[in-house]
Every structure is written in C-alpha cells, then in structure tokens.
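The sequence shown maps to residues -21 to -1, 1 to 295 in mature numbering (1 follows the signal peptide of the UniProt record, and there is no 0). Built from N, CA and C at the ideal position, the CB exists for glycine as well. Below is one structure; the comments refer to it alone.
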Amino acid sequence: MKTKKFMVGFTVFAFSALVLGACSPDNNGESGASSSAAASSEVVESSTATSSSAATETTEAASGIVLQDGTYNLEEKNYNNGYRVVFSIEVKDGKIVASNYDNVNEAGKSKVEDADYNKNMKDKAGISPEEYIPKLNEELVAAQSADGVDVVTGATHSSHSFQNYAQQLIQAAQAGEKATIEIDNGAELKDGTYTLEEKNYSNDYRVVFSIDVKDGKIVESKYDNVNEVGESKVANKEYNEMMKSKAGVSPEEFIPKFNEALVAQMANEDGTPGDIEVVSGATHSHHTFVLYAEQLINAAEKGDTATIEIDNFVEK
C-alpha cells in the first residue's frame, strides 16, 4: 500500500458528462496478472521529490470528499463473454457501508455461481470470480476509496474495471446523484479531442491530460503534470534530478513513456490502459495515468468532449 494514498473524487462540469471505464473485465482470460505483480513490487514514486523543499509536502489540496447517504448504482450496457457488470454502493453517515459489485448473465445469474466459468478461469489464471469478486467488494468498504483497492493477481482487467467503476459511484455519492449510471462498454471511439484536468495542486503540480481520436483510434496522448504557471514537470530540472536519485526514474522519462504506450496499446484490438507496463519507480503516477486514460476512453466512446474536472486530493 502506498505511504500516501491518492484518492480521486470527480466533479464534472455537467453530471451527464461522467466518464466511465472502458476496460472490460475478463478479456483475454484475465491474462494481465504480470502488471499486478509489477505494481506491488515496484518502488512507489517518491512523494518527496519536490522542486523546492520538504515543506511542499504540506501543500493543501481539497479538504475531503463528502459522500451523501443513499444507494448508488452502475450497470454495463453490453455483455462480454456472456456477462456484464452490475455494481452498487451503499453510503451511510458519509461512509461506504456496502459494495455490491458483480457480473451477471442475461438471466441475471452471477458469475460467482457459474461452476464451469470459475473452474476454467481458476485453471488458466489461478483465481476465480468466486474468489476475487468478494475480495474487491470487501476492500472497497475497508479502504473507502477506489485507489485503496489492490489489483488482484490473475484478475487484473476486472480489478481495473472495478476501481474505475467504484470511482464513478463515489462521484455519484458526492453529488447525491442516484440515477443509475449506464456504461456503454466496448463502443467505438468517436473522433475528437477529449480533455481531463485535475482541480488541485499536489506538490505544486496537477495533471492535465487529453487524447486525440481520429478514425476511431487514439492518435495522440498528451498526459502531463503542470504547475500554476502551466510549466511541465518534465521541464523542471531540479525535480527530475531529485526524483531520479530517489526513485530511479524521472518525469522526463516516464511521462513520454506513458503517452507512447497508450497510443500503442489502444492500437491493439483488445488493448486497454491497464495492460500498459508499469514504469519502475513511478507506480503512483502509472496508476493515476491508467485511471484517467480509462475515463477519457469512455468519453470518446460517448463522443462527449466536455472537459472533465477531477476534484483530487492527497490524504496522508
């Protein structure tokens, strides 16, 4: 678990512009387990690699995410391998008290109850839905944030999907919006430019991120971290040197890698951001990049070019 937990709440200019993950669970038999192993073993990106001094660790961001009591629901529109996600959270006294994530078939039967599916996946990936689905639900309640849920080895795609959808439900709870969120998973990307921005600065920087889609493909990814005057972290020599010495990698190295990897990964027929290889020493930034990339992809599935504003904050 990270020494500093990055929790993401979402404030969108129009709630109808909520962006939801395009990562479909169980693609390729949940074969992305190597990403999970890497993420758990990599050195977490140093939070002390700042451009000035350790005093920047006290940089204020949002004071917190307030969840409104109620039940919040999300459903995938399309079936994948015979199943689609249905997911709800229950909030009481501002806390998530129940997480009900599941995969159901057209008859409404849970994947957990599918003996053949469970056996086949267990044989192939080393884990089954009857194991990882309860685990993911339990971890969300314990962590109270999507980012606090660990990726399950052997169920990487489902884990990323769960994290992304959990964040959307947290956003709904923030807004007190109880209308069911519908995910048009697997839809073709619509041409255009899709943009996302963090609202708050952490260690003097915030994420700005956009993707350009042409002929249904991502042709350019522009993920960056900028300061209050719009200067990229890539251009901050002192920051890069400090992080390189502490974590073994610097923004001028991993930021271009993230952008190149997203374009390459999404050129594949079954490509997902979650399959992008973790950069050693930049695990935290990689995790954030994947979550935001999934949201932008979903915006592109909808053809919704409204800027997404992320009400991010850092919790010690």
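Checklist entry - Which partner residues does Tyr202 have in the DSSP bridge list? => result DSSP lists Phe188 as partners of Tyr202.
Next on the checklist: Between the alpha carbons of Met245 and Val192, how many angstroms are there, rounded?
Outcome noted: If I take the Cα positions, the gap works out to 11 Å.
Checklist entry - Where does Ala240 sit, in a helix, a strand or coil, going by DSSP? => result The three-state secondary structure of Ala240, taken from DSSP, is helix.
Checklist entry - Secondary structure at Asn6, three-state DSSP: helix, strand or coil? => result Residue placement at Asn6 cannot be trusted, given a pLDDT of 40 that sits under 50; what the coordinates show is reported in the next sentence. Asn6 falls in the helix class under three-state DSSP.
Item to check | Backbone secondary structure at Tyr180 - three-state DSSP | outcome: DSSP places Tyr180 in coil when its eight states are reduced to three.
Checklist entry - Does the stretch 254 to 262 come close enough to the stretch 144 to 160 that 3 or more CB-CB pairs lie under 8 Å? => result Contact between the stretch 144 to 160 and the stretch 254 to 262 is absent, with fewer than three C-beta pairs closer than 8 Å.
Next on the checklist: Give me the residue from Tyr173, Thr174, Lys212 and Ile190 with the minimum Cα distance to Asn182.
Outcome noted: Looking at the Cα atoms, Lys212 is the closest of the given residues.
Item to check | Spatial distance of Met100 from Ile106 (CA atoms) | outcome: Taking the straight line joining both Cα atoms gives about 6 Å.
Checklist entry - DSSP three-state call for Gly49: helix, strand or coil? => result Strand.
Checklist entry - Where are the alpha helix (DSSP H) runs, 4 residues long or more, that stay fully inside the stretch 87 to 149, in chain order? => result DSSP runs (the alpha helix (DSSP H)) wholly in the stretch 87 to 149: 94 to 104 and 108 to 122.
Next on the checklist: Tell me the rounded alpha-carbon separation between Gln142 and Val128.
Outcome noted: Taking C-alpha positions only, Gln142 is separated from Val128 by approximately 7 Å.
Checklist entry - CA-CA distance, Ile75 and Thr267? => result Ile75 and Thr267: Cα-Cα distance of roughly 22 Å.
Next on the checklist: DSSP has Gly171 in a bridge; who is on the other side?
Outcome noted: Paired residues: Val192.
Checklist entry - Around the C-beta of Lys216, are 16 or more other C-beta atoms found within 10 angstroms, so that it is buried, or is it exposed? => result Result: exposed.
Next on the checklist: Quick check on DSSP: helix, strand or coil for Tyr80?
Outcome noted: Tyr80 falls in the strand class under three-state DSSP.
Item to check | At least three beta-carbon pairs within less than 8 Å, the stretch 51 to 68 to the stretch 167 to 176 | outcome: With a cut-off of 8 Å, the stretch 167 to 176 and the stretch 51 to 68 do not count as touching, because too few Cβ pairs lie within range.
Next on the checklist: Checking the sheet assignment: what are the DSSP bridge partners for Ile197?
Outcome noted: BP columns for Ile197 point to Val192.
Next on the checklist: According to DSSP, is Ser211 part of a helix, a strand, or is it coil?
Outcome noted: Assignment of Ser211 by DSSP, reduced to helix, strand and coil, places it in the strand class.
Item to check | Own chain residues within Cβ distance below 6 Å of Asn116, not counting five before or after | outcome: Hits under 6 Å: Ser78 and Tyr80.
Item to check | Counterpart residues of Phe66 in DSSP-defined beta bridges | outcome: In the DSSP secondary-structure assignment, Phe66 is bridged to Leu53 and Tyr80.
Item to check | alpha helix (DSSP H) segment containing Ile276, residue limits | outcome: Thr262 to Lys281 is the extent of the alpha helix (DSSP H) around Ile276.
Next on the checklist: If distances are taken between C-alpha atoms only, which option among Asp203, Thr50, Val131 and Lys98 comes closest to Pro113?
Outcome noted: Its Cα nearest to that of Pro113, the residue Val131 stands out among Asp203, Thr50, Val131 and Lys98.
Next on the checklist: On the CB-based measure, 16 or more other CB atoms within 10 Å of its CB, does Ser13 come out buried or exposed?
Outcome noted: At Ser13 the pLDDT is 35, less than 50, meaning the model places this residue with poor confidence; the figure from the coordinates comes in the next sentence. Exposed, by the Cβ-count rule.
Next on the checklist: Applying the 10 Å Cβ sphere with the 16-neighbour rule, what's the burial state of Asp5?
Outcome noted: Summary for Asp5: the model assigns pLDDT 41, below 50, so the residue's position carries little reliability; its value from the coordinates is reported in the next sentence. Its Cβ being crowded by 16 or more others within 10 Å, Asp5 is buried.
Item to check | Alpha carbon of Phe66 to alpha carbon of Ser140, nearest angstrom | outcome: The straight-line gap from Cα to Cα measures roughly 11 Å.
Checklist entry - Does the beta-carbon distance from Asn84 to Asp72 come in below 9 Å? => result The answer is no: Cβ separation not under 9 Å.
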